[in-house]
Amino acid sequence: EPEVTQTPSHQVTQMGQEVILRCVPISNHLYFYWYRQILGQKVEFLVSFYNNEISEKSEIFDDQFSVERPDGSNFTLKIRSTKLEDSAMYFCASSPQVFSQPQHFGDGTRLSIL
Amino acid sequence: GENVEQHPSTLSVQEGDSAVIKCTYSDSASNYFPWYKQELGKRPQLIIDIRSNVGEKKDQRIAVTLNKTAKHFSLHITETQPEDSAVYFCAASIRVGTGNQFYFGTGTSLTVIP
């Protein structure tokens, strides 16, 4: 069964540095998402992406964040000038269609900001 | 925006008993409701979902019911097994423009006691 893959599995970064989290969605999927889960808390929606542009974003997804699909297969989340509170598990997900379709999650990247 | 509340936060049941987890949502525009199972340190995995034009859906030992009028939906697990132990998240999805947002509940930690 095809899977969403994310790299790296764990990223440790100094506060103030930029990080790029990478995701390879399932190949025939058209919609991509990033979520954040702070340890022990619920999953929080960050952004959805379709047709090479952001289709929806949450209040969390401020100017510090950006997403990109640089080469037709990868889907990246960039966090500029990281803060301690950015420490969390970041999940990428994809779905074949936008509406009422199950999302397939990757294994996540654990981001630790020191 | 949408607000999803989930209860209980923890639930312990004896093996073989049933478990019920309840969620409420606030925005009547929500029309897709997935349930995810998340084992410790792993990705959320979709276990069942329901669309707003359906009142009930069943898949073996798992069922979901939806009451649109009352804006609540529930997960029912029958004949629970130790491997059902995990955190369960409900979610509500609203279509916004070309994208959609998913709002997750706070999770229920289910423990099935052998």
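If you read the protein sequences in the order shown, they are chains A and B. Using our numbering, read the first sequence as starting at 1 and increasing by one per residue. Using our numbering, read the second sequence as starting at 1001 and increasing by one per residue. For glycine and all other residues, C-beta sits at the position ideal for the given N, C-alpha and C.
Contacting positions in the region 57–76 of chain A - beta carbon closer than 9 Å to chain B: K57, S58, E59
Contacts of B/V1105 in chain A (Cβ-Cβ under 7 Å): According to the sequence provided, residue 1105 of chain B is Gly. The question's Val does not apply to it. Those within 7 Å of B/G1105 in chain A are K42.
Return the residues of the region 77–95 of chain A that lie within a Cβ-Cβ distance of less than 8 Å from chain B, sorted by chain order. F91
Tell me, please, whether the CB atom of A/H10 is closer than 9 Å to any CB atom in chain B? no
Range covered by the beta strand (DSSP E) that runs through A/S112: Unbroken beta strand (DSSP E) run through A/S112: 109–113.
Consider the Cβ of A/H104: report whether some Cβ of chain B lies at a distance smaller than 9 Å. yes
B/V1064 versus B/A1019: straight-line alpha-carbon distance, rounded: CA-CA distance, B/V1064 to B/A1019, rounds to 12 Å.
What does A/F45 touch in chain B if you count any residue whose Cβ is under 8 Å from its own? Q1101, F1102, Y1103, F1104
Figure out for me which residue from A/T109, A/M89, A/F61 has the closest Cα to the Cα of B/Q1101. Of the candidates A/T109, A/M89, A/F61, the one whose C-alpha sits nearest the C-alpha of B/Q1101 is A/F61.
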